[in-house]
Structure formats: C-alpha cells, structure tokens
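Protein chains in written order, with the working numbering: chain A, 1 to 78; chain B, 79 to 522.
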Amino acid sequence: MATMLNPMKTKKPTNCFVVIHPLDDLPEEKVDTEGLGPMAMTTSVRISLLSLRAYLVLMMLLVFYHVMGMAGLFGHRG
Amino acid sequence: MSNRTVVAPASGVETEVVPVRGRVVKSKWTRDLLTFLMVVGPGLIVMVADNDAGAVSTYSQAGAQYGTHLLWVVLLLLPVTYFIQEMVVRLGIATGKGHAAMIYQRFGNWWGLFSLVDLELVNFLTLVTEFAAIDLALNKMGVDPRIGVPLAAAGLVLIVVTGSYRRWERTVVLLCLLDLVWFAVAFGLRPPVGQIVRGALVPSMPAGGLTPDLMFLVIAIVGTTVAPWQLFFQQSSIADKRLRFADVKWARLDTLMGACITITVAGCMMIAGHASRVHGFTFTDPAQMAVDIGSFTSGFFKNAILLLMINAAVLGTTAISLSSAWAYGEVRGWPHSLQLPVRKAPGFYVVYVVSVGAAAGLVLIPRAPLQLIILGVQVLAGVMLPSAIIFLQLLLNDKELLGEYANKPWNNWVNWTIIIVLFALSLILAAQVAAPNLFPTGTA
C-alpha cells in the first residue's frame, strides 16, 4: 500500500510516497466471517448442492472401482 | 525508512509483534512499480507451479502427437485460468482467510469436510506424480533416484521451515523465473513461426478428426491448466501475505502476468514435443523426449529439459503441499503461517513434511502402482474441479461476505459458462476412463 506523506509532519519534499510491504504494514480490518455464520441458501441452491454431493460420491466410487479393476483385484484387468 | 512496532494478528496466532517499515519514493511511477514488486508472488507462483510435472507431460505429449494444432486450446485457457484465479484474489483479500476456512464457515462442516478430504486426497496423489517425474528425470541424467529424490524432498522442506514467508516466496519466485528457460529451449529448436501463430490463433482439427485420444488429451490439457489446489493455494497465500484492499489491482496484475507466463511456457512445451515429432520420434514420456531431442541437437537441450522437468515438479510439490498444509491448519484452527517458526505452528509444518515425505517415499518403493496413481489423479482432479469452482462461484456471489467485491453480472455469465464446459468435460473424462469401451476407437 502506498501512502502519501504529510509534508508538514515529515518535513520531506512534497510528492513523496511511502511504500510498505504487506507483511510490514499495519493489519487491515477484514470482513468478519465468524459473525456471518452459514450462508443463506435458496431451495434450488440446496438441491443443486445435494445433487453435486451425490454426483461426487458416485464418481469417486466409479473411479475407485475402475482403479481396483485395473489393479487386478477382480480377477481381470480393465 | 520509518520504523515503529505494532501488534498484528497472524494466521491462527493471537498476536505477533512486527515492525512497520516502508520505503520512501519520489515518483508515482516508482511507487507503483515498487508496490507491484512487493505484491507480486501468489499469482505468479500459483500459475507457474501449475505447469508441474503432469503439465510438462501433457503439453509435450500434445505437441508430439498433434504438432501445433492444439496451441489454440492452450491460448483459450488463458482467460479461463485468469478469471477463476481472479475470484480467489478478491475473496482472499476481502476475508484475509483461506479457501478451506471459507467453505467451512459459509457451507457448514459437512461440505467443509468433503472438500478438505477431496483436496488432501487429490493433492497427495498429485505429489506422488511429481516425485515420479523427478525419479524419471534423474534416471535419464544418470543420477541415482535413491539419492536424488530424498535430496529433493529435503530441499523442499528446507525452503518452508525458515519461519519467513518472504524467504520462501523469493526462493520460489526464483524457481518460477527459471521456467523461462523453456523460451530458450523452444527458440533453440528453430520453431516454425508461421505454423505456430496459425496454430495458436486459428482453431483447427488435427488430421484424423475428433478421436477419443484427442478428446482425452484436450480434457487433460484443461484439467492440468485449471486445478482445484490452485484455488486453495492462492487464497491461503494471499491471506498469509496479508495483502490489503489497496493491493487488489496489483494482485490481479500478478495473476494475469502469471497466467500469461504459464500459457506461453505451455506453448513452448508443445513446441518441444512438436520438434521431437518432426524428427520421427514417438512420445512415451517427457524425460525420453528430452533424450530424443538431445540426439538431434546437443546435450544442452537434453539436460535443460530434464532440469526443467525437475524444476516443474519441485514448484508443483511446494505449492500443492502448502495448499494441503494451509487448508488443514485453517480447518483445525491450528496456527498456519509461513511467517511462524516451526515451534509455533507444528501441525502446519507436520502436514507439509508428511505430504512431501510420504509422496517421495512412495515413489522409491519398487513396483509401486504409479501408473494407477497417475490415472486416478487425472480423473479425480477432473471430477473435483467443477464442484470446487461452484463453491467459489457461490462465495463470490455472497454480497453479505464480499460487498463491492462480489461478482458482477458479467463475471457470473463468464463463470457459469466456464463451469458448464468444465462439467461437460469432467463427465466425458470420467466416463472415458471409467468405461474405456464406451466410446468408439475409430475416427469420428
């Protein structure tokens, strides 16, 4: 963040800027995420997320089954 | 230079005393340049590390099999990868927290746990592929992997345990800059410039049409260019670096610069693959490609490509392991910052060390099922990616959380288009790998 110095206070020539590395700067106030709690979701969003959950579980099982098959666990190589 | 001492909260730690130091400059131009140089890092690293060992393999294979025909696909991915990571920039700066923490807080424990388990699993499997690539490259260089792999793992641990985010970032940025040697390699191979420009700007289909192999490779290119760990890594990195609201534009520029570098380097990898193809070599893996290229050029090209392959794997490993460690630390509420010494954030560093150590160890086990792991990584990453982006999209539309930094309507149009395309590709990828006989093998 660059801050323009007050020439009266610093006695530096005008148009001087101080550039501060983020890790050396004062901590900045961020959004208070703790206080917000869980996101309010409409029914359609909730249903979409549930479908997504089912899709992910199904796909993972499918991949697991296929990899096991390729490893020869079911007596053949896929 | 002004100095004073303040108390600042660090990630997961109550208070940390840090000195406030600044540099005085006289022109706006110098101010902007210096500010950018101070902010640059998370965007560049996430993008360049995305060109990891798997990416080297995928892009060089694309060049070796289809010449310059798929360059336009890579160029098309430049805005895609930028738009996705730019959302992470806004989210990270506005909240000052990592992606895993955000999913836990806004979607609840179940989804948080699901995302975390997915991430840690795919990350670990990807790490195994990174070390497998290091093993392969060392073998071709005549170095015993039983010595080289543990040394690489030790180096990867050493760069993070210094207790300084800046030290880690500078080291990794240096490794990112080494990636630019790909330009020298591509240029030295005397590329057909006209053909490259045409291949990049005019979408064209390779001879043979749309075959399942081509489809698979295109999906692999998309999957390797946009990966789930990138979302978690960049947001946590931004939070750890404590980027400020005033840094948003510089962080965007950092991300754009990284995206441009990663896409052009990806093009260089394709050009290297193309050069081996022109000389009649059949692609098996990037290490063998380096040897093939060395046979008609010089030892420099062979060793440069092998070293670049190791560099890509090292960059991928440090970024992916950190995304795991940050995510786990955020969820468990452990101190999780590279600014902290090991004794103050033991859990965070243990996750990193265990990730690196276990992956390196697995590669050294004789007859480990590496091919199955690589296959699993490709499919799982492909399956996970669209859902990870949906969470990101929902978070970026959360006005309560982001206010003016929330997505604009045009952002949403772009993002939903990307999500739909990625979902379709992920379904095809999963179906093709899970049931290879589902698609005909002849030309379409």
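Cβ coordinates follow ideal geometry from the N, Cα and C atoms, glycine included.
Around the beta carbon of Arg445/B, fewer than 16 other beta carbons sit within 10 angstroms, so the residue counts as exposed. For Leu169/B against Gln313/B, the beta-carbon gap comes to about 6 Å, under 8 Å, which counts as contact.
Straight-line measurement puts the Cα of Asn475/B at about 33 Å from the Cα of Cys254/B. Taking a beta-carbon distance threshold of 9 Å, Phe323/B counts as an interface residue toward chain A. Contact of Arg101/B with chain A is assigned, a C-beta pair being separated by under 9 Å. The Cβ atoms of Val158/B and Val280/B lie no closer than 9 Å to each other.
One finds His21, Leu23 in chain A with Cβ atoms closer than 9 Å to the Cβ of Arg244/B, taken in chain order.
With respect to chain B, the C-beta atom of Thr43/A has no partner C-beta closer than 9 Å. Inter-segment contact for the region 384-401 of chain B and the region 122-131 of chain B is present: three or more beta-carbon pairs are separated by less than 8 Å. Around the Cβ of Val195/B, a 10 Å sphere holds fewer than 16 other Cβ atoms; the residue is exposed.
Only exposed fits Ile443/B, as fewer than 16 other CB atoms lie within 10 angstroms of its CB. Beta-bridge partners assigned by DSSP to Gly100/B: Ile20/A.
Chain-order list of chain B residues neighbouring Leu36/A: Gln183, Arg184, Asp476, Glu478, Leu479, by C-beta distance under 9 Å. The region 398-454 of chain B contains, as complete alpha helix (DSSP H) runs of 4+ residues, the segments 424-442 (chain order).
For Ser376/B, the closest alpha carbon among the candidates Leu472/B, Ile297/B, Met335/B, Leu267/B is that of Leu267/B. Under a criterion of Cβ atoms nearer than 9 Å, the residues of chain B adjacent to Ala71/A are, in order, Pro447, Leu450. Here Val369/B is near Lys380/B, since their CB atoms are less than 9 Å apart. Counting along the chain, Leu229/B sits inside the alpha helix (DSSP H) bounded by residues 223-236. The beta carbons of Met125/B and Asn489/B sit no closer together than 9 Å.
Collapsing the DSSP output to three states places Thr289/B in coil. Comparing alpha carbon positions, the residue from Arg184/B, Trp150/B, Thr173/B, Val117/B closest to Gly37/A is Arg184/B. Taking 4 residues as the shortest admissible run, the region 138-192 of chain B contains the following complete alpha helix (DSSP H) segments, listed from N- to C-terminal end: 149-173, 177-185. Here the region 173-192 of chain B makes contact with the region 401-412 of chain B; the two share three or more CB pairs at distances below 8 Å. If you draw a 10 Å sphere on the C-beta of Phe265/B, you find fewer than 16 other C-beta atoms in it, and that means exposed.
DSSP places Ser504/B in the helix class (H, G or I) of the three-state scheme. Cβ neighbours of Phe311/B within its own chain (closer than 6 Å, five residues either side excluded): Val124, Ala397, Ser401. Counting along the chain, Ser315/B sits inside the alpha helix (DSSP H) bounded by residues 306-319. Ile47/A counts as exposed, since fewer than 16 other beta carbons sit within 10 angstroms of its beta carbon. In chain order, Val235 place their CB closer than 7 Å to the CB of Val431/B, counting only its own chain and leaving out the 5 sequence neighbours on each side.
Only exposed fits Asn187/B, as fewer than 16 other CB atoms lie within 10 angstroms of its CB.
Looking at the backbone, the Cα of Gly358/B and that of Phe374/B are separated by about 11 Å. By the 16-neighbour rule on beta-carbons within 10 angstroms, Arg224/B is exposed. Ile212/B places its beta carbon less than 9 Å from that of Val441/B.
With a cut-off of 8 Å on Cβ pairs, the region 105-116 of chain B is not in contact with the region 240-260 of chain B, counting fewer than three such pairs. Comparing alpha carbon positions, the residue from Arg421/B, Pro364/B, Leu418/B, Ala509/B closest to Asn217/B is Pro364/B.
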